[in-house]
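Number of protein chains: 2
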Amino acid sequence: MTDSRSRCGECPTRRFCLARDLDASGLDRLSALLAPPIQLSRGDYLYRFGDRTSALHLVRSGAFKTLTVTADGEEHVTGFHFPGEIFGLTGFTTGVHEDTAMALDTSSVCRVHVDELPGLWGAGCDVAFLRLLGEKESAATRLRILLSEPRAASRLAVFLLQLAERQRRLGRTTDVLYLPVSRTDLANHLGMTLEALSRVISRLSRAGLLAMERMEVRVLRQAELETLAGSR
Amino acid sequence: MTDSRSRCGECPTRRFCLARDLDASGLDRLSALLAPPIQLSRGDYLYRFGDRTSALHLVRSGAFKTLTVTADGEEHVTGFHFPGEIFGLTGFTTGVHEDTAMALDTSSVCRVHVDELPGLWGAGCDVAFLRLLGEKESAATRLRILLSEPRAASRLAVFLLQLAERQRRLGRTTDVLYLPVSRTDLANHLGMTLEALSRVISRLSRAGLLAMERMEVRVLRQAELETLAGSR
DNA sequence: CGTTGGATTGACGACCCTCAATCTGGGTGG
DNA sequence: CCACCCAGATTGAGGGTCGTCAATCCAACG
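Structure below.
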């Protein structure tokens with residue numbers, strides 16, 4: 003139970019979120035403005051489809067997935083979210099969430115109510131906010147390009163390389179990737195069937211390019227993965 | 003040459019952009035804050051990959067496309083943008099644009115510099131801004147789901163239905179869709195080859211579901227198109 | 001030890017990507 | 001005015017990949 007004066011100052015993600023540009027006193031001010039982070043366990047829902055939307059969310063630690071159900075009843079995993087990433091904006095269109103957010107692991111998230119945004123704007127978070135929005139759109143664009151890749155192996159390779167890049171920006175190692183995601187969810191997110199993903203993983207594992215376990219992926223030959231990513 | 007006091011008040015898109023919630027005096031104030039819209043002709047570049055990013059853009063009339071070139075030299079059409087839609091945020095990540103924006107037709111666009119954003123926040127545009135961001139993420143999500151559709155016919159059907167929905171929200175008819183896009187660009191955007199798209203269009207035209215010309219699409223049997231969209 | 005859910009592997013068929021030829025319409029120049 | 005050209009669009013043939021259906025395997029758990 004750290005008090006509010008130092009909470010943001012001690013946050014491991016403070017260089018990657020709205021606090022990116024703040025100095026010590028700025029961090030204290032931000033801590034005072036915001037409610038304490040929300041703690042969640044694996045499988046906990048942060049919000050569900052149809053909940054009233056009054057805030058946006060920033061991942062502090064752990065990982066989240068968001069998913070939607072389309073008109074014809076199909077479930078789609080629309081994104082995985084790691085520290086420093088913003089999500090939950092879709093709800094602002096209609097005032098209720100259009101997706102469901104679930105913690106993939108022990109996680110924490112900072113909730114920013116819409117009423118608090120003007121205050122943040124004056125607290126030196128304006129540039130950081132735009133930057134987060136830009137990174138969000140960039141990520142969405144890269145995912146779009148990934149999904150128009152016709153071959154399943156290329157899609158997986160691109161996804162893993164993008165995941166490595168996300169981890170690199172957080173200052174983590176890029177040879178062991180943190181990915182607490184089931185095969186089913188990953189296949190769904192990458193736009194392929196569970197079987198197709200399983201085959202690709204088997205093939206690439208046998209070839210010695212990577213090793214996938216429940217929670218982490220080891221990239222053994224990044225160069226060959228990059229070749230795969232670029233070959234149509 | 004309308005003067006700044008009435009410019010936004012006369013804009014046909016004022017109910018779909020940042021000015022959404024403003025009354026007459028609010029519209030006057032907004033007109034005074036912003037520079038006049040930028041006029042472009044078909045094929046004109048609004049900005050190019052690598053240009054310095056100092057503003058975001060809102061479509062006032064016409065249509066735009068954005069495209070990126072990936073590391074391996076492939077060109078990808080990342081989006082089509084219609085009145086009331088915001089684009090050009092990716093550049094805020096690094097300070098230079100990561101994509102290129104081109105007018106698809108005679109078009110106009112409102113440019114909002116980052117320095118002007120705090121002023122807009124105080125001018126009653128805050129909720130509208132969040133709403134535009136939410137709509138943007140919603141659209142990105144829908145496109146993601148579209149692209150994970152395995153069959154080409156379903157992808158086209160979903161795209162056309164989403165286009166109809168966009169037009170409906172602008173108060174236009176949904177049986178004739180405005181789409182000033184080449185086959186090549188559309189195929190690229192939908193993640194398939196030119197040939198595959200051509201075949202699908204031929205097939206659906208022969209079946210009497212739709213009629214596609216250079217600039218517009220006629221949806222002749224919406225119900226059957228919806229069936230196609232939902233059938234995996 | 002049996003059950004259960006997730007993951008893997010196999011066989012088959014449909015769809016799409018690739019390569020290639022043909023067709024169409026608009027613009028230019030002789 | 002017509003022949004030519006060129007880019008975009010259409011159509012065709014063949015092969016590879018993935019989706020589907022189904023059986024099997026595996027580990028965790030009661």
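Residue numbers (my numbering), protein chains in the order written: chain V, 3 to 234; chain P, 3 to 234.
Every residue gets a Cβ at the ideal spot worked out from N, C-alpha and C, and that includes glycine.
Note that the structure is predicted; figures quoted are calculated from it, not measured.
Exercise. Leaving out the 5 sequence neighbours to the left and right, which residues in its chain are closer than 8 Å to isoleucine 40(V) when beta-carbon positions are compared?
Worked result: As a position in the first sequence, residue 40(V) is number 38, starting the count at 1. Answer for isoleucine 40(V): Leu48, Ser110, Val111, Cys112 and Arg113, listed in chain order.
For this session: Could you tell me which chain V residues have their CB closer than 7 Å to the CB of threonine 72(P), listed as they occur along the chain?
Result: Residue 72(P) sits at position 70 when you count from the first residue of the second sequence. Here the neighbours are Ile147.
Exercise. How many Å lie between aspartate 23(V) and threonine 143(V) at the Cα?
Worked result: Reading the first sequence from its first residue, position 21 is the one you call residue 23(V). Reading the first sequence from its first residue, position 141 is the one you call residue 143(V). Whole-angstrom Cα-Cα distance: 25 Å.
Exercise. Using the beta-carbon count (16 or more within 10 Å), is methionine 194(P) buried or exposed?
Worked result: Against the second sequence, residue 194(P) aligns to sequence position 192. By the neighbour-count criterion, in which 16 or more other beta carbons inside 10 Å mark a residue as buried, methionine 194(P) falls on the buried side.
Exercise. Based on Cα-Cα distance, which residue from Ala21(P), Tyr180(P) and Leu145(P) lies nearest to arginine 157(P)?
Worked result: As a working note, residue 157(P) is residue 155 in the second sequence. Comparing alpha carbon positions, the residue from Ala21(P), Tyr180(P) and Leu145(P) closest to arginine 157(P) is Leu145(P).
Exercise. Cα separation between arginine 201(V) and serine 207(V)?
Worked result: Translated into the one-based positions of the first sequence, residue 201(V) becomes position 199. Translated into the one-based positions of the first sequence, residue 207(V) becomes position 205. Cα to Cα, the separation comes out at about 10 Å.
Problem set entry | Any C-beta of chain P under 9 Å from that of serine 63(V) | Reading the first sequence from its first residue, position 61 is the one you call residue 63(V). False, the Cβ-Cβ gap to chain P never drops below 9 Å.
Problem set entry | Buried/exposed call for methionine 104(P), threshold 16 Cβ in 10 Å | Working through the second sequence from its first residue, we reach residue 104(P) at position 102. Methionine 104(P) comes out buried.
Exercise. Helix, strand or coil: how does DSSP classify serine 27(P) here?
Worked result: Taking the second sequence and counting its residues from 1, the one referred to as residue 27(P) is at position 25. Correct three-state label for serine 27(P): helix.
Exercise. Distance, Cα to Cα, leucine 192(V) vs alanine 65(P)?
Worked result: In the first sequence, the residue the question calls residue 192(V) occupies position 190. In the second sequence, the residue the question calls residue 65(P) occupies position 63. In a straight line, the C-alpha of leucine 192(V) is about 29 Å away from that of alanine 65(P).
Exercise. Under a Cβ-count criterion, where at least 16 other Cβ atoms within 10 Å of its own Cβ denotes burial, should serine 43(V) be classed as buried or exposed?
Worked result: Position 41 of the first sequence, counted from the first residue, corresponds to residue 43(V). The residue is exposed, with fewer than 16 neighbouring Cβ atoms inside 10 Å.
Exercise. Relative to chain P, which residues along the stretch 83-97 of chain V have a C-beta separation below 7 Å, given in chain order?
Worked result: So the close ones are Leu91, Thr92, Gly93, Phe94 and Thr95.
For this session: Give a yes or no on whether 9 Å exceeds the smallest Cβ distance from arginine 133(P) to chain V.
Result: Numbered from its first residue, the second sequence carries residue 133(P) at position 131. With 9 Å as the cut-off, arginine 133(P) counts as an interface residue toward chain V.
For this session: Assign aspartate 177(P) to buried or exposed, taking buried as 16 or more other Cβ atoms, counted over all protein chains shown, within 10 Å of its Cβ.
Result: Here residue 177(P) is taken as the residue at index 175 of the second sequence, counted from 1. Aspartate 177(P) should be labelled exposed.
Exercise. If you run the structure through DSSP and keep just helix, strand and coil, what is glycine 232(V)?
Worked result: Position 230 of the first sequence, counted from the first residue, corresponds to residue 232(V). Assignment of glycine 232(V) by DSSP, reduced to helix, strand and coil, places it in the helix class.
For this session: Could you check the C-alpha separation between threonine 229(V) and threonine 102(P) for me, to the nearest Å?
Result: On the first sequence, position 227 is the one that residue 229(V) refers to. On the second sequence, position 100 is the one that residue 102(P) refers to. One C-alpha to the other measures close to 26 Å.
Exercise. How big is the Cα-Cα spacing for serine 140(P) and alanine 141(V)?
Worked result: Residue 140(P) sits at position 138 when you count from the first residue of the second sequence. Residue 141(V) sits at position 139 when you count from the first residue of the first sequence. The straight-line gap separating the alpha-carbon atoms of serine 140(P) and alanine 141(V) is approximately 14 Å.
Exercise. Which ranges would you report for the alpha helix (DSSP H) in the stretch 28-111 of chain P if only whole runs of at least 4 residues count?
Worked result: Entirely contained in the stretch 28-111 of chain P, not one alpha helix (DSSP H) run reaches 4 residues.
Exercise. Got a sec, what are the start and stop residues for the alpha helix (DSSP H) leucine 163(P) sits in?
Worked result: To locate residue 163(P), count along the second sequence from 1; it is residue 161. Here the alpha helix (DSSP H) through leucine 163(P) covers 154-171.
Exercise. If we ignore side chains and look at the alpha-carbon of each, how far apart do leucine 58(V) and valine 116(V) end up?
Worked result: What you label residue 58(V) is simply residue 56 of the first sequence in a count that begins at 1. What you label residue 116(V) is simply residue 114 of the first sequence in a count that begins at 1. Separation of leucine 58(V) and valine 116(V) (C-alpha to C-alpha, rounded to the nearest whole angstrom) is 7 Å.
For this session: Inspect the beta-carbon positions of lysine 67(V) and phenylalanine 51(V) and report whether they are closer than 9 Å.
Result: Here the question's residue 67(V) lines up with position 65 in the first sequence. Here the question's residue 51(V) lines up with position 49 in the first sequence. No, the Cβ-Cβ distance between lysine 67(V) and phenylalanine 51(V) is not below 9 Å.
For this session: Quickly, what does DSSP pair methionine 214(V) with across the bridge? List them, please.
Result: Position 212 of the first sequence, counted from the first residue, corresponds to residue 214(V). In the DSSP output, where bridge partners are listed per residue, methionine 214(V) has Val219(V).
For this session: Please confirm if methionine 3(V) has its CB atom under 9 Å from at least one CB of chain P.
Result: Within the first sequence, residue 3(V) is the residue found at index 1, counting from 1. The predicted position of methionine 3(V) is uncertain, since its pLDDT is 48 and thus under 50; no value can be drawn from it.
For this session: Work out the CA separation of arginine 216(P) and phenylalanine 18(P) for me, nearest whole Å.
Result: Locating residue 18(P) in the second sequence gives position 16, counting from the first residue. Locating residue 216(P) in the second sequence gives position 214, counting from the first residue. About 27 Å.
Problem set entry | Identified DSSP bridge partners for valine 178(V) | Residue 178(V) sits at position 176 when you count from the first residue of the first sequence. Beta-bridge pairing links valine 178(V) to Arg220(V).
For this session: Mark arginine 159(V) as exposed unless 16 or more other C-beta atoms lie within 10 angstroms of its C-beta, in which case mark it buried.
Result: The sequence position of residue 159(V) within the first sequence is 157, counting from 1. As written in the sequence, residue 159(V) is alanine, which differs from the arginine given in the question. When all chains shown are included, alanine 159(V) counts as buried.
Exercise. Using a Cβ-Cβ distance under 9 Å, would histidine 115(V) count as near chain P?
Worked result: One-based indexing of the first sequence puts residue 115(V) at position 113. Proximity of histidine 115(V) to chain P, defined by a Cβ-Cβ separation below 9 Å, is not satisfied.
Exercise. Looking at the structure shown, is arginine 205(V) part of a helix, part of a strand, or coil, going by DSSP?
Worked result: Taking the first residue of the first sequence as 1, we reach residue 205(V) at position 203. DSSP, read as helix, strand or coil, puts arginine 205(V) in helix.
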